[in-house]
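Heads up, the sequence shown is in my numbering, so the first residue is 2 and it goes up one at a time.
We put the beta carbon where it would ideally sit given N, CA and C, even for glycine.
Predicted model only: the values in this text are computed from it and were never measured.
These notes concern the structure reproduced below.
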Amino acid sequence: MPESVTSRPQSTARPRNLRLPVAVFLVGIVVLGFNLRTAITSLPPLFPELATQLHLSPAGISLLAATPVLCFAAFSGSGAPLSRWFGEERVLQAALVLLAAGLVLRGAAPDLLLFPGTVLASAAIALMNVLLPSLIKRRDPARAGWLIGIYLLSMSAGAILASLLAVPMFSASGGSVPLALAVWALPAAVGTVVWLPQLRFRTTPARPHSGRAVRAGRAVRAGWAASPG
2 MPESVTSRPQ STARPRNLRL PVAVFLVGIV VLGFNLRTAI TSLPPLFPEL ATQLHLSPAG
62 ISLLAATPVL CFAAFSGSGA PLSRWFGEER VLQAALVLLA AGLVLRGAAP DLLLFPGTVL
122 ASAAIALMNV LLPSLIKRRD PARAGWLIGI YLLSMSAGAI LASLLAVPMF SASGGSVPLA
182 LAVWALPAAV GTVVWLPQLR FRTTPARPHS GRAVRAGRAV RAGWAASPG
């Protein structure tokens, strides 16, 4: 149950001061959500080209398709301890950097780094899958319902666009597998910049058996109120 916040005298300037940080947080959520599936759904439409140009066997293609799911199972559990140590905002920023790096690597040398790059990108997405909904609920519980709805809508949009545009981008690049793979690093790089304002906050989950629902709940909400408009 969220901790109560001591009421403060109402000020006509406060709602206006709150609009900018809330809007910046909303944009960050949209950009992060968009990046949650592009690295994954952009691959299957290119499987025939990858098999031809990189000489991947059917078993290799099957392993590539399974890599994100395996990484989700392997890395999702690290989200909670990392966020307790560093804060959810910082872990999400690091995940965006890892996502961009993984996509650049697999595009730069797909014959050598297709699988390592996909593992790195999928591990980053595993962390974002776990931490973004958690952060939304802790940072703004009053708006959590519609913010999570926006995040899911943005994630779906990214997944659909990546799937639809993968082959046209491959054709537009002159049949270049590296360019068709690396292009999805661009929205991830944009995300690393858009998310930077959130690093002034530090939201952490409760420690096991601590008896407190949100360890940094009051500090974060006070940060909202004190944020410059």
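Ile126 and Ala40: beta carbons closer than 9 Å? yes
Ordered along the chain, which non-local residues of its own chain (more than five positions away) have a Cβ less than 8 Å from that of Ile30? Leu133, Ile137, Leu148, Ile151, Tyr152 and Ser155
Go through the stretch 71–151 residue by residue and report every complete run of the beta strand (DSSP E) that reaches 3 residues or more, in order. none
Just how far apart, CA to CA, sit Ser135 and Val98? 20 Å
When Phe26, Leu37, Leu165 and Leu113 are compared against Val131, the one with the closest alpha-carbon: Leu37
In three-state DSSP terms, what is Pro3? With a pLDDT of only 39 at Pro3, under 50, the local geometry of the prediction cannot be trusted, and the value read off the model is given with reservation. In this structure, Pro3 counts as coil in the three-state DSSP scheme.
If the criterion is Cβ atoms closer than 9 Å, does the pair Leu83 and Met129 meet it? no
Cα-Cα separation, Leu44 to Ala207: 37 Å
Is it true that the stretch 49–61 meets the stretch 175–183, where meeting means three or more beta-carbon pairs spaced less than 8 Å apart? yes
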